[in-house]
Amino acid sequence: RKEVEQDPGPFNVPEGATVAFNCTYSNSASQSFFWYRQDCRKEPKLLMSVYSSGNEDGRFTAQLNRASQYISLLIRDSKLSDSATYLCVVNMGWKSNYQLIWGAGTKLIIKP
Amino acid sequence: SQTIHQWPATLVQPVGSPLSLECTVEGTSNPNLYWYRQAAGRGLQLLFYSVGIGQISSEVPQNLSASRPQDRQFILSSKKLLLSDSGFYLCAWSVLSLRTSGIYNEQFFGPGTRLTVL
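As given, the protein sequences belong to chains A and B, one line each in that order. This note's numbering applies: residue 1 is where the first sequence begins, and numbers increase by one. This note's numbering applies: residue 1001 is where the second sequence begins, and numbers increase by one.
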């Protein structure tokens, strides 16, 4: 079983729609969680950190379910510029605060 | 504000040649520094990380090495490249922060070096 699992997609979504991604992680000791976006042939960029109570940043909402060990990202009113690969990232918990475990990403394509 | 520089942007090297990739960070002190590799269509693989000058932790045994000669400089090297070393090499920095939910370690990346070994 992979440590961080994501549906690779691609998700083909019309502009203006709402899209949701899920990610599951295997390490119950993980204590910090993130969503990054990566454009084609570019470096990953932090989209948002995910907190226990869930958090929102504009059109983006992240949720954490520790009991089921999954993280979600919701994008509302999707824009063409949201097309990218979305990476789910968790830390290793007590093993190391410095190391992050990266999912392989979910590709999102927004169509006009 | 913090910035991170990596060079070169692209590199084509023959098998068996040496490698040196450099990364520098500005605008922060004593950052944690990381080298990752991303193969085409794959996730990020952590190669090395450093929490201070001269302190290197290796995650994957291979023909690569890393050094941190200065606080904000991180170098990735190889004496002899293999075909399997081809990939997208990314340097990142972070600073740990304690929040209500736990210890967070957001990492921020340089533009990367795309290495092709022929």
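Each residue gets a CB set at the ideal place from its N, CA and C atoms; glycine is no exception. All values reported here derive from a predicted model rather than from experimental measurement.
Residue i CB to nearest chain A CB: under 9 Å?
i	result
Phe1109 (chain B)	yes
Phe1074 (chain B)	no
Ser1057 (chain B)	yes
Ser1029 (chain B)	no
Ile1126 (chain B)	Outside the displayed span of chain B (1001 to 1118) sits residue 1126 (chain B), for which this structure offers no information.
Gly1016 (chain B)	no
Once you ignore the five residues that flank residue i on each side, which residues in its own chain have a CB closer than 6 Å to its CB?
i	result
Arg1037 (chain B)	Gln1045, Leu1047, Gly1087 and Tyr1089
Ile109 (chain A)	Pro10, Asn12 and Ser83
Lys1080 (chain B)	Gly1016
Arg1114 (chain B)	Thr1010 and Phe1088
Ser1057 (chain B)	Tyr1049
Ser49 (chain A)	Phe34
Using a Cβ-Cβ distance under 9 Å, would residue i count as near chain B?
i	result
Tyr117 (chain A)	Limits of chain A in this structure are 1 at one end and 112 at the other, which puts residue 117 (chain A) out of reach.
Leu46 (chain A)	yes
Asn16 (chain A)	The identity of residue 16 (chain A) in the sequence shown is Gly, whereas the question assumes Asn. By this cut-off, Gly16 (chain A) is not an interface position.
Ser78 (chain A)	no
Ser53 (chain A)	yes
Glu56 (chain A)	no
Arg41 (chain A)	yes
Val19 (chain A)	no
Give me whichever residues DSSP pairs with residue i in a beta bridge.
i	result
Ala20 (chain A)	A:Leu74
Leu64 (chain A)	A:Ile71
Pro14 (chain A)	A:Lys111
Gly1052 (chain B)	B:Gln1055
Ala29 (chain A)	Looking at the DSSP assignment, Ala29 (chain A) forms no beta bridge with any residue, so it has no partner.
Arg37 (chain A)	A:Lys45 and A:Tyr86
Arg1114 (chain B)	B:Thr1010 and B:Phe1088
Over the uninterrupted beta strand (DSSP E) stretch that includes residue i, give me the two end residues.
i	result
Cys1023 (chain B)	Leu1019 to Glu1026
Gln99 (chain A)	No beta strand (DSSP E) holds Gln99 (chain A); DSSP gives it neither H nor E.
Leu1098 (chain B)	Ser1097 to Arg1099
Arg1037 (chain B)	Asn1032 to Gln1038
Pro1008 (chain B)	That residue, Pro1008 (chain B), is in no beta strand (DSSP E); it is neither H nor E in DSSP.
Asn1105 (chain B)	Careful: Asn1105 (chain B) lies outside any beta strand (DSSP E) and carries neither H nor E.
Glu3 (chain A)	From DSSP, Glu3 (chain A) is part of no beta strand (DSSP E); its letter is neither H nor E.
Leu1076 (chain B)	Gln1073 to Ser1078
Ser81 (chain A)	Here Ser81 (chain A) belongs to no beta strand (DSSP E), and DSSP marks it neither H nor E.
Asn55 (chain A)	Asn55 to Asp57
Quick one: what's got a C-beta closer than 7 Å to residue i's C-beta in the same chain, skipping five residues either side?
i	result
Tyr70 (chain A)	Asn22, Cys23 and Thr24
Pro112 (chain A)	Glu15 and Leu80
Gly93 (chain A)	Asn27, Ala29, Ser30 and Gln31
Val1012 (chain B)	Thr1116 and Leu1118
Which residues in the same chain have their Cβ closer than 8 Å to the Cβ of residue i, if we skip the five residues on either side of it in sequence?
i	result
Ala20 (chain A)	Ser72, Leu73, Leu74 and Ile75
Cβ contact check for the segment 93-103 of chain A and the segment 1098-1107 of chain B: 3 or more pairs under 8 Å: yes
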